[in-house]
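In terms of this note's numbering, the sequence shown opens at residue 1 and continues consecutively.
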Amino acid sequence: MCRNIKTLFNFDPPVTDAEIRDASLQFVRKISGFTKPSKANEVAFESAVDEISLISGRLLASLETNAPPKDRDEEAAKKKARAAERFAV
């Protein structure tokens, strides 16, 4: 899985439409191999991002859990600590 795609489910505050779109864009970039599509592929690329955003939003809205929501700041701090350990010189 692409490291730039973040888990979006079960966070407080809840995920935003912009975050869903950003993850969808990363996904389409990964599977297409394009960072920025050519003019010939631009419509197909943007259409795919839009469709995946809609589907992802529906998925996130339909998921259920009994786990308490994760705090974004705490998760970011954990991620930074893991990265510091992983890339320590």
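The C-beta atom is built at its ideal place from N, Cα and C for all residues, glycine as well.
- Where Leu-25 is concerned, the enclosing alpha helix (DSSP H) starts and stops at 17–32.
- Under the DSSP assignment, Ala-81 falls in the alpha helix (DSSP H) whose first and last residues are 72–86.
- About 6 Å separates the beta carbon of Ile-52 from that of Val-28, a gap short enough to meet the 8 Å contact definition.
- Assigned with DSSP and collapsed to three states, Phe-9 falls in coil, not helix or strand.
- Take the alpha-carbon of Leu-8 and the one of Ala-67: they are about 14 Å apart.
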